[in-house]
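First the structure, in the form of structure tokens, and then the observations on it.
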Amino acid sequence: MQQSEQDHALLLESRTVLPTDHGVFTTCAYTFGEVTHVAMLMGDPAQADAPIVRMHSECLTGDTLGSHRCDCGDQLEAALQAIAAEGTGILLYLRGHEGRGIGLAAKLRAYALQDEGMDTVDANRALGLPDDARDYTAAAEMLRDLGTSTVRLLSSNPAKAEALTSLGITVADRVVLPVLDRPENSHYLQTKRQRMRHDPLAGRVAVEDDTFPVYRTLAEHSEVIAQLAQSADGFIAARGGDAEFVSGEADRTHLHHLRAAVDAVLVGATTVTRDDPQLTVRAVEGENPVRVLLDPRSRIPVTSRVLQSPDARTLWLVGQNVEVPSGFGEHVEIVRLPAGATQASGPQTQSEGDGATGTSVDPAAVLRVVREHVSGSILVEGGGKSVSAFLSAGLLDRLFLTVAPVLIGDGVPGVRFEGSAVMGEALRAPFRRYTFEDDVCTEFVLSEAAREHDATYPRPGQPHRGA
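Letter by letter, the sequence shown follows residues 1 to 467 of full-length UniProt numbering.
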């Protein structure tokens with residue numbers, strides 16, 4: 001044990017074993033300055049060159065009561081998962097840090113001021129309190145007692161790394177945990193990014209880097225996702241159908257990463273007719289996904305590249321009794337949609353661009369048909385009606401919606417579905433944001449399954465680093 005002044009001596013009170021949902025941790029109770037903190041260890045951090053360490057500030061509302069006003073509970077879970085995944089690491093649970101050190105009662109008073117419109121920084125100042133009153137001396141003393149002088153810090157807050165460095169602990173790296181913003185805490189977290197130097201949400205992503213965690217998630221799990229790029233006023237193409245290009249090259253590279261990660265890419269008939277896409281992986285390394293063409297009326301020209309190019313296996317989904325022209329490649333398999341797929345049951349989508357005379361298709365029935373041929377992740381790439389229908393039907397695990405800084409004024413609509421009459425019932429979900437050059441992509445994580453898949457990262461030796 002480390003000893004300093006008598007009133008600030010670090011005292012190891014107890015050492016025991018704590019089984020948790022994330023594995024078995026050795027747990028130490030340390031008292032420093034009359035406050036008892038907890039250190040949770042997995043493996044033998046003292047033998048590691050730079051074990052991962054989370055300094056977690058006590059938060060009754062977030063950690064215990066499940067509040068979504070902050071991300072503390074989510075960060076705690078993610079840190080324990082990260083340590084368990086690596087097999088070696090330390091979580092320091094620092095008591096007395098409630099509300100960034102101002103105490104529980106003061107934090108709740110600050111919440112009340114935030115309810116009136118203040119942000120978290122201004123609320124603290126209005127109460128005559130500092131922005132951040134935390135002291136990390138106890139944390140540094142605990143790390144030294146545990147034989148750890150160099151760490152990889154799990155934190156998006158550079159001030160924590162600076163504090164440890166000033167106390168004699170070497171921070172070899174700072175690793176950002178893959179925790180989603182929630183609609184309830186997005187403004188609070190954005191304030192910390194803008195006014196307290198926290199790392200930006202996902203930041204300016206180098207999309208050429210195939211270690212971007214979500215790509216691995218999609219490759220290793222089976223999800224249904226959608227991607228759409230639209231203008232700031234909500235259009236995916238100009239009035240005449242020209243969509244080349246709404247978003248920039250970085251966003252298109254991201255799209256190719258998504259194609260490389262999934263087993264199938266699905267598009268509607270109008271997307272093929274209008275754009276004549278290849279639906280292959282060209283901008284990145286990877287295998288081409290199965291192409292799924294949703295075309296109940298068999299409108300796609302047989303000369304289309306997807307029907308002629310053998311680069312990828314292609315499923316042409318057509319209605320029960322429609323005539324299919326000859327002359328398509330051997331890589332194309334005709335799949336007849338069941339009668340129920342074209343009946344008005346549940347959320348419907350018109351085959352892209354068919355208008356009033358179009359055939360309505362049940363997205364759930366389409367998905368069942370595709371699942372007979374594909375077991376991995378499926379990307380619904382277009383167009384706007386198909387993406388909107390799968391979203392409205394509750395079939396999407398994720399939606400990647402990129403907004404480009406351009407105003408089209410009138411054109412082909414992007415995401416549209418029958419929404420709620422009041423804002424309180426609008427669709428809200430945890431999300432991440434990425435900056436792709438001039439474009440901003442929001443990843444809506446819509447299903448519990450997708451959130452559970454995300455929890456597997458960061459992985460040993462492959463942390464997700466912040467910008």
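Glycine included, every Cβ here is placed at the ideal spot set by N, Cα and C. On a predicted model such as this, the values are computed, not experimentally measured, just so you know.
Residue closest to residue i, alpha-carbon to alpha-carbon, out of the options
i, options, result
"L164", "A138, A312, L177 and Q75", "A138"
"E330", "N321, L315, L379 and G340", "L315"
"G23", "V38, L80 and D173", "L80"
"residue 469", "F431, Y434, T217 and G394", "There is no way to answer for residue 469, as the model of the chain reaches only from 1 to 467."
"P430", "V151, T442, S326 and A269", "T442"
"A237", "D199, L129 and R274", "R274"
"S156", "S149, G240 and R197", "R197"
"A84", "G66, D122 and P51", "P51"
"F436", "V422, P413, D181 and T253", "T253"
"F25", "V35, L94, V175 and G43", "G43"
"F417", "G234, D119, V445 and R239", "G234"
"A161", "R134, D181, D145 and N185", "R134"
"T36", "G96, T61 and A455", "G96"
"V38", "R259, I334 and L146", "L146"
"S231", "A219, S14 and G248", "G248"
Coil, strand or helix - residue i by DSSP
i, result
"A344", "Annotation note: pLDDT 45 at A344 (below 50); position unreliable, coordinate value reported separately. The answer is coil: DSSP assigns A344 none of H, G, I, E or B."
"Q75", "helix"
"V17", "strand"
"P213", "helix"
"L367", "helix"
"T31", "strand"
"G62", "helix"
"I83", "helix"
"F25", "strand"
"L315", "strand"
"D173", "strand"
"R291", "strand"
"S186", "helix"
"L379", "strand"
"V361", "strand"
"D199", "coil"
"V121", "helix"
"residue 521", "There is no way to answer for residue 521, as the model of the chain reaches only from 1 to 467."
"G278", "Reading the sequence as shown, one finds Gln at residue 278 and not Gly. Note: Q278 maps to coil in three-state DSSP."
"A450", "helix"
"D115", "helix"
"R144", "helix"
"D251", "helix"
"S164", "This sequence places Leu at residue 164; Ser is not what is there. L164: helix per DSSP, three-state reduction."
For residue i, the residue or residues it bridges with in DSSP
i, result
"R241", "Correcting the residue type first, residue 241 is Gly in the shown sequence and not Arg. Paired residues: none, contrary to the question."
"E285", "Note: E285 sits in no beta bridge, so no partner."
"M55", "L92"
"T442", "L401 and R433"
"M40", "T27 and L91"
"V374", "The partner list for V374 (beta bridge, DSSP) is empty, contrary to what the question assumes."
"A264", "V290 and I378"
"F235", "P413"
"residue 511", "Absent from the model: residue 511. The displayed extent of the chain is 1 to 467, so no value can be given."
"L228", "L401"
"D135", "Answer is none; D135 lacks a bridge partner."
"V335", "L317"
Anticipated Cβ contact below 8 Å, residue i with residue j, distance rounded
i, j, result
"D276", "S309", "Actually they are not in contact, since the Cβ atoms of D276 and S309 sit about 11 Å apart, beyond 8 Å."
"Y215", "H256", "With 8 Å as the limit, Y215 and H256 do not qualify as a contact, their Cβ atoms being about 10 Å apart."
"V302", "A404", "Between A404 and V302 the Cβ distance is about 33 Å, and since that is not below 8 Å, they are no contact."
"L10", "E141", "4 Å"
"R291", "V306", "5 Å"
"S447", "V415", "Not confirmed; about 17 Å, so no contact."
"V179", "Q75", "6 Å"
"I378", "A450", "That belief does not hold up - the Cβ atoms of I378 and A450 are roughly 13 Å apart, past 8 Å."
"R54", "L18", "Not really, about 15 Å apart at Cβ, beyond 8 Å."
"A341", "D362", "5 Å"
"G382", "V267", "5 Å"
"G384", "V412", "6 Å"
"V121", "R195", "5 Å"
"F400", "Q278", "The pair is not a contact, with the Cβ atoms about 20 Å apart (cut-off 8 Å)."
"Y136", "L167", "6 Å"
Local Cβ density within 10 Å of residue i, reported as buried at 16 or more and exposed below that
i, result
"A250", "buried"
"E323", "exposed"
"A426", "exposed"
"I169", "buried"
"G327", "exposed"
"D49", "exposed"
"P317", "The question names Pro, but residue 317 in the sequence shown is Leu. Buried is the call here."
"P183", "exposed"
"A229", "buried"
"G346", "The predicted position of G346 is uncertain, since its pLDDT is 43 and thus under 50; no value can be drawn from it."
"A106", "buried"
Contact test: residue i Cβ vs the ligand SAM heavy atom, cutoff 7 Å
i, result
"G128", "Because no ligand of any kind appears in the structure shown, any question about the ligand SAM cannot be addressed here."
Within-8 Å CB hit, residue i to chain B
i, result
"T253", "Among the chains of the structure shown, chain B does not appear; only one protein chain is present."
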